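Quick note, the sequences are listed as chains H and S, same order. Take the first sequence: its letters are residues 518 to 682, numbered as in the working numbering. Take the second sequence: its letters are residues 688 to 981, numbered as in the working numbering. Ideal Cβ placement from N, Cα and C applies to all residues, glycine included. Predicted, not measured: the structure shown is a model, and the values here were computed from it. Below is one structure, written out as structure tokens, with a few remarks after it.
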Amino acid sequence: MGHGERREKMKRDIHCTINGRKMTVFADPCATVLDVLRDVLHLTGTKEGCGTGDCGACTILWNGKAVNSCLLLANRMEGAEVWTIEGLMKNGKLHPIQEAFIAEGATQCGFCTPGFILRTKALLDENPRPTEEEIVMGLVGNICRCTGYKAIVAAVKSAAKKIKR
Amino acid sequence: MNAPLAEEMHEPKSLEEAITLLQEKGEDAALIAGGTDLVIKLKEGVIEPVALIDITKLPLGHIRGSRTKGLQIGALTCAKAIATSAILKKELPVLVDAAIHLGGPQTQEVATIGGNICNASPCANFTNVLIALEASLKIQGPGGERNLPLKDFCRGPGVTNLDRSEILTEILIPGIEGRYGTSYVKHTLRREMDIAIVGVAVLLIPDNDRIRKIRIALGSVGATVLLAENAQRIMEGQIFASHLVETAAKLAAEKDASYIDDVRSSAAYRKIITENAVIKAVKEAWAMAKGGKK
């Protein structure tokens, strides 16, 4: 049996809520959540960087927690609420965190940005008024290889202010 | 799309069911909890199980007890739960230190204390600290339950004394009465998100100006986390003094630890760091024991 055929045999219905929509996804429970999001659901905003949980590019919100989707297997999507970057926009308007990243120029090539934004969302949901140290410590699991982190930290600060208002 | 990581996914609802599955599947099975170490091994082909047995539905996520009477931590307790536990912050903050420095926030949300131990890395944060605390493990198998001191659990990198059909269910930390000090010094090149070049964890029980008891666990300087038995022996019963700590640290670095060159550090560098990290950790533990609350 080839890979494709084996995977077809293993697939099952996974019931979950993705970006606020209840759905049933027919997928391999042993695949990573990242692969299911990108290849089955075509939600390609979630990026694969290292694939080993070091860079944070694949960060999603899973039951309110920021996790690396490259290391989470799809069986754990059952009954779960998942948010990806595609789900943050509301009524055609960007989320305040997205707006802050644009305003501060906290993105260059943009590959790490979805992960940073979702990690920021989890951070601000938990701690709406983080200190600079808390922001830096909160983002240690995300790597950016072009901008440096100053603009990113500034964006998180500005997003915190915007959300508070 | 990448190659399948396994062919079957099982999600037992009870410990009995999980153990039966392990017996049925034998060598073809791997247990998975947080998956932050295991999925990397699956991707790299280090292990190639047919069946994954996801045990995250089992009710093993508890933190109970007190420092004086002893603490029990369920094997599925995640690093985040330990890092934010009100009980542990108050009763045994050295475990909180181990959790805060275990990978980044995304890892801490799902990585479990049991997984950190069973992955059997000589660099494992929790194992390092728990060996200093003289923790033991509650292990459940087809024949019932057994207890094993954590220091005897790992046999080498990635190899444990767990039988194929056994599951680690709980970590038991013995009670510590009266004054005590702890410290965990983790030396890394990056401040966060890095694996220890050397890790030193200390538990110290004072007796006025003497060291009544000391446990020094050395991580990343051997095939498993080791106790610095030579260093411990020369310190116990002695009056605390800088020269004593320095002599003991030299002994720990020269006699207790064994070094290899690897991708993170040379053996020679590890030796220098070990000596200094032991001095720092013992002094911190002493300061806490003398200044801390009873």
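Listed in chain order, the non-local C-beta contacts of residue 964 of chain S below 6 Å within the same chain comprise 872, 874, 885 and 887, local neighbours out to five positions each way being set aside. Proximity of the region 729-748 of chain S to the region 819-832 of chain S falls short of the contact definition, fewer than three beta-carbon pairs being nearer than 8 Å.
DSSP places residue 648 of chain H in the coil class of the three-state scheme, outside both helix and strand. Between residue 716 of chain S and residue 736 of chain S the beta-carbon gap is near 6 Å, inside 8 Å, which marks them as a contact.
From the beta-carbon of residue 727 of chain S, the residues of chain H found nearer than 8 Å are 569, 570 and 588. With contact defined as three or more Cβ pairs closer than 8 Å, the region 547-567 of chain H and the region 584-593 of chain H are in contact. Residues of the region 539-565 of chain H with a C-beta less than 8 Å from any C-beta of chain S: 545, 546, 547, 548, 549, 552 and 556, listed in chain order. Chain-ordered, the chain S residues with CB closer than 7 Å to the CB of residue 527 of chain H read 691 and 694. Residue-level contact by beta carbon holds for residue 794 of chain S and chain H, with a gap shorter than 8 Å. Residue 879 of chain S belongs to the set of residues whose beta carbon lies under 8 Å from a beta carbon in chain H. Checking the DSSP bridge columns, you'll see residue 765 of chain S partnered with S/799.
In this model, residue 636 of chain H and residue 579 of chain H are separated by some 11 Å (Cα to Cα). Of the candidates S/890, S/851 and S/847, S/890 places its Cα closest to the Cα of residue 868 of chain S. With a threshold of 8 Å between beta carbons, residue 673 of chain H makes no contact with chain S. Taking the C-beta atoms as reference points, residue 644 of chain H is found no nearer than 8 Å to residue 650 of chain H. Around the beta carbon of residue 772 of chain S, a 10 Å sphere encloses 16 or more other beta carbons of the protein chains shown; the residue is thus reported as buried.
In this structure, S/723 is the residue among S/738, S/754, S/723 and S/749 with its C-alpha nearest to the C-alpha of residue 569 of chain H.
At a beta-carbon threshold of 8 Å, none of the residues of chain S lie near residue 665 of chain H; the nearest stands roughly 16 Å away. Within the region 837-863 of chain S, contact with chain H at the beta-carbon level (separation under 9 Å) is assigned to no residue. Using a CB distance cut-off of 8 Å, residue 609 of chain H does not count as an interface residue toward chain S. Taking CB atoms only, residue 722 of chain S has a neighbour in chain H less than 8 Å away.
Spanning the alpha carbons of residue 701 of chain S and residue 936 of chain S requires a straight line of approximately 46 Å.
Residue 833 of chain S is classed as exposed because its beta carbon has fewer than 16 other beta carbons within 10 Å across all chains shown.
Annotated as distal: residue 618 of chain H and residue 661 of chain H, with beta-carbon spacing of 8 Å or more. Per DSSP, residue 544 of chain H is one residue of the beta strand (DSSP E) stretching across 538-544. Of all residues in the region 883-909 of chain S, none places a beta-carbon less than 8 Å from a beta-carbon of chain H.
Using a C-beta cut-off of 8 Å, the region 747-758 of chain S makes no contact with the region 839-850 of chain S, since fewer than three inter-stretch Cβ pairs fall below that distance. When the five nearest sequence neighbours on each side are left out, the beta carbons in the same chain lying within less than 6 Å of the beta carbon of residue 566 of chain H are those of 572 and 574, in order along the chain. Contact between the region 799-814 of chain S and the region 852-861 of chain S is present: three or more C-beta pairs spanning the two stretches fall below 8 Å.
By the beta-carbon neighbour count (other beta carbons within 10 angstroms, threshold 16), residue 969 of chain S is buried.
For residue 780 of chain S, the enclosing alpha helix (DSSP H) has its first and last residue at 780-787. Shown here, residue 625 of chain H sits in coil according to DSSP, grouped into three states, outside any helix or strand. Short of 7 Å from the beta carbon of residue 796 of chain S, and not among the five residues preceding or following it, lie these beta carbons of its own chain, in chain order: 765 and 767. In this structure, residue 976 of chain S and residue 893 of chain S form a Cβ contact; the two beta carbons are roughly 5 Å apart against a cut-off of 8 Å. Here residue 894 of chain S carries a strand assignment [DSSP, helix/strand/coil].
For the pair residue 577 of chain H and residue 926 of chain S, the Cα-to-Cα distance works out to about 54 Å.
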